[in-house]
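Under my numbering, the first residue of the sequence shown carries the number 87, and numbering increases by one thereafter.
Just so you know, even glycine gets a beta-carbon here, dropped at the ideal spot from N, CA and C.
Quick caveat, the model's predicted, so the values are computed rather than measured.
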Amino acid sequence: MRPPSALALLAAAATAAVVEAQQGAYSQRGGTVWAGPTTCVSGLKCVILSLETSTTATTPPTATLTPNNLWIRAVEEPNYHAYLQSSSSSAAILGPASTAAQFIFNGGRIILLPPSSAPALRAVVHPEVIGPGAGRLAVTFVEWGSATADYGGFLYSGDTLMWRNLGLEVPRPDEAAWLVCAGQELFINLGGVGEAPEGCVDQTASLFFRGVRG
């Protein structure tokens, strides 16, 4: 694990690279009503975000991180270095490094870039509170063009992944608190660390920018 200062610098550098990439990449290149440029940026690939638009994006390999992308992984036992997975629209699930998904940040959103030509997905937090006590919120991935509304936004400090919604009736005591429950499903923890409900464990999620999983 890098010291905090190095992680902060690394996160800042990666963020700058993503912003730079989004000026030319991750922009519309097609669609049934599109009249703009249709050529993909050199070195990148066009992937479908919805039925009406496409975007240029890198093709994420299995074991090596594509430049400007990141992995998201747990850093607490018993899920230490379990990675957020790549799949079709479904719940946010942790699993092995060999099938880890690759992501980018875009305006408070987490965008999942699936392998091959599958549509890009975005992470959505659902407002319905689950469970006793302070409760938890489900996180699912939906297709980019889905009408499902965003609830709050994702952010990070150093390499720590957080979620924030200033409209909550009861503010979260820890914006970096997550829960892993049955089936390795990842949830937003609305309570404090150490207050995990039965069947769940506290978790911290970390962004991982290195080129090869270690």
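Is it true that the CB of residue j sits closer than 9 Å to the CB of residue i?
i, j, result
"residue 252", "residue 230", "no"
"residue 156", "residue 272", "no"
"residue 225", "residue 178", "yes"
"residue 312", "residue 195", "No information on residue 312 is available, as it lies outside the stretch 87 to 300 that the chain covers here."
"residue 256", "residue 162", "no"
"residue 188", "residue 241", "no"
"residue 277", "residue 238", "no"
"residue 66", "residue 192", "Outside the displayed span of the chain (87 to 300) sits residue 66, for which this structure offers no information."
"residue 249", "residue 211", "yes"
"residue 176", "residue 200", "no"
"residue 267", "residue 280", "no"
"residue 168", "residue 182", "yes"
"residue 283", "residue 217", "yes"
"residue 204", "residue 227", "no"
On the DSSP letters alone, give me the boundaries of the beta strand (DSSP E) that residue i sits inside.
i, result
"residue 289", "287-289"
"residue 261", "Residue 261 -> no beta strand (DSSP E), and no H or E assigned at all."
"residue 160", "157-160"
"residue 275", "271-275"
To which residues does DSSP link residue i through a beta bridge?
i, result
"residue 169", "159, 181"
"residue 292", "159, 246"
So residue i and residue j are supposed to be a Cβ contact under 8 Å. How far apart are they, rounded?
i, j, result
"residue 247", "residue 291", "4 Å"
"residue 294", "residue 159", "6 Å"
"residue 198", "residue 172", "7 Å"
Give the list of continuous beta strand (DSSP E) stretches no shorter than 3 residues that lie fully inside the stretch 177-257. Counting only runs of at least 3 residues, the stretch 177-257 fully encloses the following beta strand (DSSP E) elements, listed from N- to C-terminal order: 188-192, 195-199, 207-211, 222-229, 239-243, 246-250.
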